[in-house]
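Enquirer: First the structure, which I've put down as structure tokens, then a few questions once you've had a look.
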Amino acid sequence: MSTDEFLLPAPERVAHRNVKGLIDPDSVVVIGANARRSTVVAEAIAGRNKAFLVHPSGDSILGEDVYTGVAELPEKPECAFMLVGHEVVLELVREALEFGIRAFVIPGLGTEAGPRSAEVVAQVIELADSYDAAILGPNCMGMAVPNGGSLYVSSVPKSFRRGHVSVIAQSGSIADAMLNCGPRIGFRAVFSTGSEGNRDTADLLMGLVDDDETKAIGLFVETVRRPEAFADALRSCAEAGKPVVCMKVGRSRIAAQTALAHTGAMVGSSIAFTNFVHHHGGIEVTDTSTFMEALEILGQPKWPSGIRLGAISESGGECGMLADAAEPTGLEFPPMPYELVASLQERFPNFVNPQNPLDAWMVDDTEVVFPESLELMAHSSEFDILLAQVDITQYRGDVDNEWCLAIVRGLAQATKDRRIFPAVSTVHVTDPPRRIANFAASNGVALLRGTRASVEALAAVSMWHPFTSKDLDPHEEVDLSDLLSPGALSEHISAEIMERYGIPMADRRIAEGPEAAVKAAQELGFPVVVKMNGPAHKASVGGVALGLDSAEEVAVATQAFGGSVLVAQEIAAGPEVICGMTRDPQYGPIVAVGIGGRYAEALSLTASSLAPVTHDQAVRLVRKAPGIAKLTTEETFDAIVYTVLVLSRLAIDHPSIIEADINPLILGPNGAVAVDALVVCEQLPEE
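So that you can map any letter, position 33 of the sequence shown is 45 in our numbering, and since no number is skipped, the others follow by simple counting.
What follows is the structure in structure tokens.
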């Protein structure tokens, strides 16, 4: 069967709800404006041509006129910022809706609202939905933008720098952390979504696709409320050339004991989310340090265009530490070409054996050797990224910080007119001197903090690329209606399913009793395997007898197992691979591949991807699985790829199949043969 038959239709677009009034409102009204909240009010109206204040007292605030009600406003604002208590919010939202306002930022209605909180929230959302109005919140911090105009209930620091990175955070404290990270990254806006009443992360993400000022996006996710809409928004961002860096908390593996198939134990919910993000064009990170450094990289005017890393450091030890941190990420340290080595040694004879990463400490005057070495490295065109591993910190002395500034200037100059990304990484995570930070921000040099977080962020961003969805021809579904039934299917039926999809299986027979088993063995030819025709994972309960060479051995094994047995041809020993599929309840089907046998459930020895997968994706997946490349020939590699494609197609064709395993797939000189198969179908709900 040709792999060309595994073409799949592009995913359908999902309807998204309008959020323009939340992302970029032309005019705003602060309802509940009062002197006690003067700092928040001042921030909300700063820099806005059209901003109105409403409070029943009508008392002037900050020298601004205050209207006693929304109905008195001279025109209809696009967005209302609700600084009111839970006792009156419903009625005031109603008045605003009747006046024509269709976007609301509602920071309240959290625990401070007491036991009626949920009831009031439900009423507000129902009312807003009846007008097709958008709500940011409730129970959120709001929306913050640099240089005034934030609808945000906490203070907005002056160091909150303007740029082109937008952040959507389901955690208010993480939103606050973005505002308070100092003069780095460069933000278009930060959105705290709170309880996501009637607009969620997916809606805001889709809204940012069309926001010209947003070039990259950070997501801090606690829950994905609508996976299909979230996937569609991720794809749309990727197609628009806007990378999305996603960090999710609350990740947990699916308990292995609840899964009947090995793959269910192998692929937990955290891996499901990872595959989900990657499959739809996003970048996933797993800690806040890497999250921040990735946003710092994406906040620059240009981004890394490849994975070839050239580095210079003030320490041989730090060179080693940098190399150790980078190796697992996929970043490459290409060796210095002869011409570059010669140029470095000609300019600085004290370079005895220059290599990448380059230890330049004490080779010459620091303010000279670092910038000039960086220029020579950039001129060689061997690197996509130039990284200076230098401990820049405000706590260093003035003399040291002068040469630190010289290095940053050297990086900026060396990469100015080249497609090379300049960055500095430090061992520690303290702030740099303001002078150096301002120069770096103005000249496109990323100041990264923490060696490991820096290289992980560089790798994550470097390996991202925009993509375009392609419409692919649908394939014909294989009919399995006569084989599928709720629960775990027998090995015999599971194997027949795989055969219908073109997977070579070991020849086998079902036999009732010793006499029939002996006859089956004689037809197949010795040696044979006799298995219980029952539970999943028969080997773990002593239900498999291997290497049976005679009729007597077959009869004894069959008698011991009792009842129906499966007699199968024994396949010659060879490298073993497991291929499987499991259906995550939130993110959908996932295919996985790894070294089989006793290593089958070692998570580090598997690679997985959300289904469906294309042929090229299956090839990359098999290559990514640790250890498999060393076990395969061209024929057996293709056989593994084909098996992954079958499982992907099986998942798409038959949604009732929730798990499937081929374990092991034994690799031989002329291809691969599956020895054991398991298919599990969804249980019918109890009536």
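In this text, a Cβ means the ideal position worked out from N, Cα and C, and glycines have one as well.
Can you say whether S437 is buried or exposed, counting buried as having 16 or more other CB atoms within 10 angstroms of its CB?
Expert: Looking up residue 437 in the sequence shown gives position 425. With 16 or more other Cβ atoms within 10 Å, it is buried.
Enquirer: Quick check on the burial criterion: 16 or more other C-beta atoms within 10 angstroms. Buried or exposed for P383?
Expert: For the purposes of this step, residue 383 is taken as residue 371 along the sequence shown, with counting starting at 1. The residue is buried, with at least 16 neighbouring Cβ atoms inside 10 Å.
Enquirer: Helix, strand or coil for L679 per DSSP?
Expert: Here residue 679 corresponds to residue number 667 of the sequence shown, with the count starting at 1. In the displayed model, L679 falls within a strand according to three-state DSSP.
Enquirer: Would you report the Cα separation of G75 and I137, rounded to the nearest angstrom?
Expert: On the sequence shown, position 63 is the one that residue 75 refers to. On the sequence shown, position 125 is the one that residue 137 refers to. So the alpha carbons of these two residues sit roughly 34 Å apart.
Enquirer: Would the beta-carbon of E234 fall within 8 Å of that of V261?
Expert: Position 222 of the sequence shown, counted from the first residue, corresponds to residue 234. Position 249 of the sequence shown, counted from the first residue, corresponds to residue 261. A contact, by the Cβ cut-off of 8 Å.
Enquirer: Buried or exposed, going by whether 16 or more other CB atoms sit within 10 Å of the CB of M374?
Expert: For the purposes of this step, residue 374 is taken as residue 362 along the sequence shown, with counting starting at 1. The residue is exposed, with fewer than 16 neighbouring Cβ atoms inside 10 Å.
Enquirer: Compute the distance between the beta-carbons of V52 and L95, then report whether it is under 8 Å.
Expert: Against the sequence shown, residue 52 aligns to sequence position 40. Against the sequence shown, residue 95 aligns to sequence position 83. The Cβ-Cβ distance between V52 and L95 falls below 8 Å.
Enquirer: In chain order, what are the residue ranges of uninterrupted beta strand (DSSP E) at least 3 long that sit wholly in the stretch 347 to 425?
Expert: Within the stretch 347 to 425, the complete beta strand (DSSP E) segments of 3 residues or longer fall at 397 to 401, listed in chain order.
Enquirer: Quick check on K254: buried or exposed, where buried means 16 or more other Cβ atoms within 10 Å of its Cβ?
Expert: The residue given as residue 254 occupies position 242 in the sequence shown. With 16 or more other Cβ atoms within 10 Å, it is buried.
Enquirer: Alpha carbon to alpha carbon, what distance is there between G639 and E535?
Expert: Residue numbering aside, residue 535 sits at position 523 when the sequence shown is read from its first letter. Residue numbering aside, residue 639 sits at position 627 when the sequence shown is read from its first letter. CA-to-CA, the gap between E535 and G639 works out to about 37 Å.
Enquirer: Please determine, among H666, V256, P681, the residue with the shortest C-alpha to C-alpha distance to H710.
Expert: Outside the shown range of the chain (13 to 699) lies residue 710, about which nothing can therefore be said.
Enquirer: Rounded to a whole number of angstroms, what is the C-alpha to C-alpha distance between P195 and F172?
Expert: Within the sequence shown, residue 195 is the residue found at index 183, counting from 1. Within the sequence shown, residue 172 is the residue found at index 160, counting from 1. The straight-line gap from Cα to Cα measures roughly 6 Å.
Enquirer: Determine the burial state of R635: buried for a count of at least 16 other Cβ atoms within 10 Å of its Cβ, exposed for fewer.
Expert: For this step, residue 635 is matched to residue 623 along the sequence shown. Classification of R635: exposed, given that the 10 Å Cβ count is below 16.
Enquirer: Count the other C-beta atoms from every protein chain shown that fall within 10 angstroms of the C-beta of P21, then say buried if there are 16 or more, exposed otherwise.
Expert: Within the sequence shown, the letter at position 9 stands for residue 21. With a pLDDT of 39 at P21, under the threshold of 50, the modelled position of this residue cannot be trusted; read the value that follows with caution. It counts as exposed.
Enquirer: Which whole-angstrom value describes the C-beta separation of V685 and I583, a residue pair presumed to lie in contact below a C-beta threshold of 8 Å?
Expert: For this step, residue 685 is matched to residue 673 along the sequence shown. For this step, residue 583 is matched to residue 571 along the sequence shown. Right, the Cβ-Cβ distance comes to about 5 Å (below 8 Å), so this counts as a contact.
Enquirer: Leaving out the 5 sequence neighbours to the left and right, which residues in its chain are closer than 7 Å to S166 when beta-carbon positions are compared?
Expert: Taking the first residue of the sequence shown as position 1, residue 166 is located at position 154. Excluding positions up to five away in sequence, the list reads M153, D188.
Enquirer: If you follow the alpha helix (DSSP H) that F649 is part of, which residue opens it and which one closes it?
Expert: Taking the sequence shown and counting its residues from 1, the one referred to as residue 649 is at position 637. Following the DSSP letters along the chain, one finds F649 inside the alpha helix (DSSP H) bounded by residues 646 to 665.
Enquirer: Which stretch, first to last residue, makes up the beta strand (DSSP E) that contains G592?
Expert: Residue 592 sits at position 580 when you count from the first residue of the sequence shown. Segment 588 to 596, the beta strand (DSSP E) holding G592.
Enquirer: Taking the DSSP output, what are the residues bridged to V40?
Expert: Here residue 40 refers to the residue found at position 28 when the sequence shown is read from its first residue. Looking at the DSSP assignment, V40 forms a beta bridge with A63, C91.
Enquirer: Taking R587 as the reference, which of R247, L677, K32 has the closest Cα?
Expert: Position 575 of the sequence shown, counted from the start, is the residue given in the question as residue 587. What sits at residue 587 in the sequence shown is Pro, not Arg. Comparing Cα positions, the closest option is L677.
Enquirer: For P601, name the three-state secondary structure that DSSP assigns.
Expert: Sequence index remark: in the sequence shown, residue 601 carries index 589 (1-based). Here P601 sits in strand by DSSP.
Enquirer: Based on the DSSP secondary-structure assignment, which residues constitute the bridge partners of P445?
Expert: As a working mapping, residue 445 is identified with position 433 in the sequence shown. In the DSSP output, where bridge partners are listed per residue, P445 has none listed.
Enquirer: Would you mind reading off the limits of the alpha helix (DSSP H) that contains G509?
Expert: Numbered from 1 along the sequence shown, position 497 holds the residue referred to as residue 509. According to the sequence displayed, residue 509 carries Ile and not Gly. Unbroken alpha helix (DSSP H) run through I509: 503 to 512.
Enquirer: Taking the alpha-carbon of L370 as reference, which of E251, A400, G342, E99 has the nearest alpha-carbon?
Expert: Within the sequence shown, numbered from 1, the residue matching residue 370 stands at position 358. Taking only the C-alpha atoms, the option nearest L370 is A400.
Enquirer: Is Q269 helix, strand or coil by DSSP?
Expert: Translated into positions along the sequence shown, residue 269 becomes position 257. Any reading at Q269 is ruled out, since the residue's pLDDT is 40, under 50, leaving its predicted position unreliable.
Enquirer: For S204, which of helix, strand or coil comes out of DSSP?
Expert: Here residue 204 corresponds to residue number 192 of the sequence shown, with the count starting at 1. Here S204 sits in strand by DSSP.
Enquirer: Buried or exposed for Y350, going by 16 or more other Cβ atoms inside 10 Å?
Expert: Residue 350 sits at position 338 when you count from the first residue of the sequence shown. So Y350 counts as exposed.
Enquirer: Taking the straight line between their C-alpha atoms, what separation do you get for E564 and G574?
Expert: Translated into the one-based positions of the sequence shown, residue 564 becomes position 552. Translated into the one-based positions of the sequence shown, residue 574 becomes position 562. Taking the straight line from one Cα to the other gives about 15 Å.
Enquirer: What number of angstroms, rounded off, separates the C-alpha of G462 from the C-alpha of G184?
Expert: The count along the sequence shown starts at 1 and reaches residue 462 at position 450. The count along the sequence shown starts at 1 and reaches residue 184 at position 172. CA-CA distance, G462 to G184, rounds to 25 Å.
Enquirer: Starting from L307, follow its DSSP beta bridges and name the residues at the other end.
Expert: As a working note, residue 307 is residue 295 in the sequence shown. The partner list for L307 (beta bridge, DSSP) is empty, contrary to what the question assumes.
Enquirer: Tell whether a beta-carbon distance below 8 Å holds between A337 and F345.
Expert: Residue mapping note: residue 337 aligns to position 325 of the sequence shown, counting from 1. Residue mapping note: residue 345 aligns to position 333 of the sequence shown, counting from 1. Cβ atoms of A337 and F345: not closer than 8 Å.
Enquirer: Report the residue from D244, P361, N365 whose alpha carbon sits nearest the alpha carbon of D377.
Expert: If you number the sequence shown from 1, residue 377 lands on position 365. Considering only alpha carbons, the answer is P361.
Enquirer: Would L9 and I324 be called neighbours here (beta carbons separated by less than 8 Å)?
Expert: Because the chain is modelled from 13 through 699, residue 9 falls outside the range shown and cannot be assessed.
Enquirer: From the DSSP output, in three-state form, read off T438 for me.
Expert: One-based indexing of the sequence shown puts residue 438 at position 426. Here T438 sits in strand by DSSP.
Enquirer: Starting from the C-beta of V41, find all residues in its chain whose C-beta is less than 8 Å away, skip the five residues before and the five after it, and write them out in chain order.
Expert: The count along the sequence shown starts at 1 and reaches residue 41 at position 29. So the list reads A63, F64, L65, V66, V82, L85, P89, C91, A92, F93, A108, I113, once near-sequence residues are dropped.
Enquirer: Can you give the beta carbon distance from G293 to A245, rounded, assuming they're within the 8 Å contact cut?
Expert: The residue given as residue 293 occupies position 281 in the sequence shown. The residue given as residue 245 occupies position 233 in the sequence shown. About 10 Å separates the two Cβ atoms, so there is no contact after all.
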